[in-house]
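A short write-up of the structure that comes next.
There are 2 protein chains.
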Amino acid sequence: MKLGRLNHIGVATPSIADSIAHYRETMGATDIVEPFDLPEQGVKVCFVNTPTDSGMNGTQIELIEPLGEGSAIRGFLEKNPLGGQHHVCFEVEDIAAAREWFEGKGKRILGPTRIGAHGTPIFFVHPKDMMGQLTEIMETPKGAH
Amino acid sequence: MKLGRLNHIGVATPSIADSIAHYRETMGATDIVEPFDLPEQGVKVCFVNTPTDSGMNGTQIELIEPLGEGSAIRGFLEKNPLGGQHHVCFEVEDIAAAREWFEGKGKRILGPTRIGAHGTPIFFVHPKDMMGQLTEIMETPKGAH
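Residue numbers (full-length UniProt numbering), protein chains in the order written: chain R, 1 to 145; chain G, 1 to 145.
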C-alpha cells in the first residue's frame, strides 16, 4: 500500500455550532460546509475546508458532534469535555485491498467497512495498533481531485 | 485573519524510529525527511510528507519525540504512552499580525514567538482557548508553495 492523501483530521466537539463560530471568527475559515447527520455512525458532521495553492482542496477539518445516546464519541468527550483531535483519515484507491493489507499486518479493524461522510467506503483501525492514532481509511471519491 | 494552509499535524511518539517504521511499513509512506533535533523546544522532529494531486506537498505529519529531561511532551507521553495526536499547525502570512489577532481575541499564547521546525517564526495557542486543540501558528516559509 502507498500512503494516500491526508483527507481530513477528525475533531470531536461538544457543539458543532460553537466550533463553526471558532473556526470562522478566530481561525478565519471562509469555506465551511453545511453540517449533516450520519446516524449510522452516531455523529453529526461538518467539514471545514482549508486552502492550498490551487484552491480550497487542502486536508479538511471534520467536526464531529455526538448524535444519539449510543454515539461512539461520547466517551471521548467525557475525557475531553472541550473536544479535541479524534482521528486522522487517509485515502486509498481500493478499500477492499486496503482492508486486506491492514489485516495482513495484524492490525485490529473496528467493525465492518461502511459508507463514510464523503459517501465512499471507510473503516477504522484501532489506535493501539497505530501508534496511538485512531486511523480512518477511506476510498478516494471517484472523480475527486 | 484568514485561515491558512494546514501545514502539519503534530504527532507525539515515544520513538521516532518506531514511528518511521510504522509510517513506512504499515502506512506506505515513501517520503520521510531525515529526523533532526530542535533543542530549544526539547524535541526531536521528523516530517512525513503526504501526497496531493500535484506532488508530495500535502499536510505533513510531524513526528515529535522528547529530547532532554525538561521536554514539554513528556507529560503528554505519560498520559498517552503509545503517542498520539498532539497539535495542529496552520500557516499565516505575518506572524506578528497573527499574534496580535489571537491576543485581541483573548487567547492565551504559550511563550514567546520563536523559530520552529521549518525555520520560520511560530507560536502556540493554549488548547483550552481553542476548543481543545493545541494550535501552532507558523509563518509561511518564503518561497514556499
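Built from N, CA and C at the ideal position, the CB exists for glycine as well.
All figures in this text were calculated on a predicted structure; none of them were measured in a lab.
Check	Outcome
How would you write the range of the alpha helix (DSSP H) that Gly75 (chain R) sits in, first residue to last?	74-79
Please name the residue, chosen from G:Gly58, G:Leu3, G:Lys44, G:Phe102, that lies closest to Glu69 (chain G) on a Cα-to-Cα basis.	G:Lys44
Could you name the residues of the same chain whose beta carbon sits closer than 6 Å to that of His118 (chain G), not counting the 5 residues immediately before and after it, in chain order?	Pro141
Does the Cβ of Gly132 (chain R) have 16 or more other Cβ atoms within 10 Å, making it buried, or fewer, making it exposed?	buried
Near His86 (chain R), which residues of its chain fall below 7 Å by C-beta distance, leaving aside the five closest residues on each side in sequence?	Gly10, Val11, Ala12, Ile64, Ile73, Phe76, Leu134
Cβ atoms of Ile137 (chain R) and Ile122 (chain R): under 9 Å apart, would you say?	yes
What does DSSP give as the partner residues of Val92 (chain R) in its beta bridges?	R:Glu139
I'd like to confirm the pairing. Which residues does DSSP put opposite Lys105 (chain G) in its beta bridges?	In DSSP, Lys105 (chain G) forms no bridge with anything.
Report buried or exposed for Ala98 (chain G), applying the criterion of at least 16 other Cβ atoms within 10 angstroms of its Cβ.	buried
Determine the DSSP secondary structure at His22 (chain R), reduced to helix, strand or coil.	helix
So Asp37 (chain R) is in the beta strand (DSSP E); what residue range does that whole segment cover?	36-38
Given Gly111 (chain G), which residues of its chain have a CB within under 8 Å of its CB, disregarding the five upstream and five downstream residues?	Phe123, Phe124
Going by beta carbon distance, what residues of the same chain come within less than 7 Å of Glu103 (chain G), once the five residues before and after it are set aside?	Ile109
Between the beta-carbon of Thr26 (chain G) and the beta-carbon of Lys128 (chain R), is there less than 9 Å?	no
With a CB to CB cut of under 6 Å and the five nearest residues on each side skipped, what residues in its chain are close to Tyr23 (chain R)?	Ala29, Val48
State the DSSP-derived secondary structure class of Lys41 (chain G), mapped to helix, strand or coil.	Note on residue identity: the sequence assigns Gln, not Lys, to residue 41 (chain G). DSSP places Gln41 (chain G) in helix when its eight states are reduced to three.
Is the CB of Thr13 (chain R) under 9 Å away from at least one CB in chain G?	yes
Please determine, among G:Arg5, G:Gly4, G:Cys89, G:Pro35, the residue with the shortest C-alpha to C-alpha distance to Ser19 (chain G).	G:Pro35
Measure the C-alpha to C-alpha separation of Gly84 (chain R) and Gly143 (chain R) and round it to an integer number of angstroms.	31 Å
I want to verify the contact list: residues of chain G whose CB lies under 8 Å from the CB of Lys142 (chain R), in sequence order.	By Cβ distance, chain G contributes nothing, its closest Cβ being about 14 Å from Lys142 (chain R), past 8 Å.
For Glu15 (chain G), which residues from the same chain have a beta carbon less than 8 Å from its beta carbon, with the 5 sequence-adjacent residues on both sides left out?	Glu is not the amino acid found at residue 15 (chain G); the sequence shown has Ser there. Glu65, listed in sequence order.
Can the beta-carbon of Glu139 (chain R) be found less than 9 Å from the beta-carbon of Glu91 (chain R)?	yes
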